[in-house]
Amino acid sequence: LLIFHLAKSKFFRRVLRLAFLLLTLICVKQVGLLQVAAFTSRCKYYVAWFLSEAACVLCGFGFNGYDASGKVRWDRFTNIYVRKCEFSQSIKEMLDHWNIGANRWLRYYVYMRITPPGQTGGASSTLVTYAVSALWHGFYPGYYCKYADIVMLV
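Written out as structure tokens, the structure is:
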């Protein structure tokens with residue numbers, strides 16, 4: 036009877052609303068911290084790719100001809116477009132602008148060779164391409180076991 040009375044009281048509803056608000060604020064804080072941590076983790080890749088691109092440009096290897104207006108292009112070894120990567124609207128768009136050299140190599144030498152001529156690639160072509168990418172970047176079974184545990188929890 037006491038629990039029923041508490042459930043109907045205004046005080047109990049206010050406490051519940053406050054608890055929900057606090058839980059929401061904690062979740063928003065955690066997501067914000069996760070975004071900051073992910074950005075700082077990506078920054079080390081940005082720096083490495085920009086330094087390697089700068090070295091190639093200084094050696095003269097980055098020359099990529101002239102554009103339509105006659106300006107010199109030095110983007111032969113560009114491996115990332117940071118703005119397009121950070122502000123992308125989809126995962127595909129983000130992946131298209133992240134590690135461009137590896138994506139290009141995987142597209143032409145793995146994905147296009149598996150896909151039958153005259154057809155678009157399917158799930159099997161994508162799965163094989165991701166498997167080759169995983170082997171290329173280093174195959175560590177612990178990553179996949181951890182991922183399987185997370186998927187099972189969801």
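For the sequence shown, this note's numbering assigns the number 36 to the initial residue and increments by one for each residue that follows. All C-beta atoms in this analysis are idealised placements derived from N, C-alpha and C, irrespective of residue type, glycine included. Predicted, not measured: the structure shown is a model, and the values here were computed from it.
Sequence-distant residues of the same chain with beta carbon closer than 7 Å to Phe174, five excluded per side: none
CB of Gly97 within 7 Å of CB of Arg77, strictly: no
Trp140 vs Ile115 beta-carbon contact at 7 Å: no
Residue nearest to Leu162 in terms of C-alpha spacing, selected from His172, Ile149, Gly153 and Gln154: Ile149
Test item: CB-CB of Tyr143 and Ser160 under 7 Å: no
Straight-line gap, Ala18 to Lys45 (C-alpha atoms, nearest Å): Lying outside 36 to 189, the shown extent of the chain, residue 18 is not represented and no answer is given.
Inter-residue Cα distance where the pair is Gly157 and Ala166: 14 Å
Three-way DSSP call (helix, strand, coil) for Tyr101 in this model: strand
CB contact flag (Trp109, Cys120, <7 Å): no
Contact under 7 Å by Cβ, Val117 with Tyr80: no
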